[in-house]
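K.L.:
Just dropping this structure here.
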Amino acid sequence: EPEVTQTPSHQVTQMGQEVILRCVPISNHLYFYWYRQILGQKVEFLVSFYNNEISEKSEIFDDQFSVERPDGSNFTLKIRSTKLEDSAMYFCASRYARGLDEQFFGPGTRLTVL
Amino acid sequence: LAKTTQPISMDSYEGQEVNITCSHNNIATNDYITWYQQFPSQGPRFIIQGYKTKVTNEVASLFIPADRKSSTLSLPRVSLSDTAVYYCLVAARSNDMRFGAGTRLTVKP
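Following this line, the structure appears as structure tokens:
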């Protein structure tokens, strides 16, 4: 069964450093998402991406964040200058089409900012 | 986006049927109701989706009354492995989903 993969599984970084989280969505999917989940809290929507552009973003997704689909298979989330409060689990998800199709989530990347 | 309200937590025992109700009083005409399950340190996983009446799949049933202001996820004969957080989401086809706090279900032996 096809699945969304994410690398690395755990990333430790120093405050102020840039990090890139990588995701490989399911190959025929067209819509891509990033979510984050701070330990013990709810899953928070960050951004959705379709046709090589952002279609929607939340108030969390400020100028420190960017997304890219550089090569037609990878989908990346970049945090330019990490803060302590960016420590969270980051989930990538993909969906074939908007609407009734389910979103398939990856296993997540745990980001720890020291 | 429609606001959803679910119980924070529920306990059950193996073999019992579990019903988790979600309230969404301001659901819009073009909104669908979707339930996801999340195990610790894993991404959410789709369970079921519906618009009205009843939907059933191999995992669960979803009951939606005529006014659509609430929905009930029914898990038949739960096992210990059903211990997870269950999220109710309401969104239109054109909108992206926003998760609430969810219901933490604990299944006891």
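Going down the list, the protein sequences come from chains A and B. Residue numbering for the first sequence follows this note's numbering, beginning at -6 and increasing consecutively. Residue numbering for the second sequence follows this note's numbering, beginning at 13 and increasing consecutively. Ideal Cβ placement from N, Cα and C applies to all residues, glycine included. Predicted model only: the values in this text are computed from it and were never measured.
Quick one: list the residues of chain A neighbouring residue 27 of chain B, beta-carbon separation under 8 Å, in chain order.
P.N.:
Residues of chain A passing the Cβ test: none, with the nearest at roughly 28 Å.
K.L.:
Name, please, each residue of chain A whose Cβ falls closer than 7 Å to the Cβ of residue 113 of chain B.
P.N.:
The answer, in chain order, is 35.
K.L.:
Ignore the nearest five residues each way along the sequence and tell me which others in residue 1 of chain A's own chain have a CB closer than 7 Å to its CB.
P.N.:
102, listed in sequence order.
K.L.:
Is there at least one Cβ from chain B nearer than 7 Å to residue 52 of chain A's Cβ?
P.N.:
Closer than 7 Å: no.
K.L.:
Residue 25 of chain A touches chain B at which residues, Cβ-Cβ below 8 Å?
P.N.:
Within chain B, no residue comes near residue 25 of chain A; the closest Cβ sits about 11 Å away, beyond 8 Å.
K.L.:
So residue 58 of chain B contacts chain A; which residues on that side make the cut at Cβ distance below 8 Å?
P.N.:
Ordered by position in chain A, the residues that pass the 8 Å Cβ test against residue 58 of chain B are 95, 96, 97.
K.L.:
Would you say the region 93 to 106 of chain B touches the region 7 to 25 of chain A, given that touching needs at least three Cβ pairs under 8 Å?
P.N.:
The region 93 to 106 of chain B vs the region 7 to 25 of chain A: no contact.
K.L.:
Is residue 43 of chain B close to chain A, meaning its C-beta is less than 7 Å from at least one C-beta of that chain?
P.N.:
Chain A contact via Cβ: absent.
K.L.:
In chain order, what residues of the same chain lie with their CB nearer than 7 Å to the CB of residue 45 of chain A, ignoring the 5 residues before and after it?
P.N.:
Cβ within range, chain order: 62.
K.L.:
Using three-state DSSP, classify residue 11 of chain A as helix, strand or coil.
P.N.:
Reduced to three states, the DSSP call for residue 11 of chain A is coil.
K.L.:
Verify the CB distance criterion: does residue 62 of chain B have a CB-CB separation below 7 Å to chain A?
P.N.:
It does not; no Cβ of chain A falls within 7 Å.
K.L.:
What did DSSP end up calling residue 93 of chain B once you bin it into helix, strand or coil?
P.N.:
Helix at residue 93 of chain B.
K.L.:
Closer than 8 Å by C-beta to residue 56 of chain B: which residues in its own chain qualify, once you throw out the five before and the five after it? Chain order, please.
P.N.:
Closer than 8 Å at Cβ, skipping near neighbours: 48, 49, 50, 99, 111.
K.L.:
Would you give the residue range spanned by the beta strand (DSSP E) that residue 32 of chain A belongs to?
P.N.:
Unbroken run through residue 32 of chain A: none, as it is neither H nor E.
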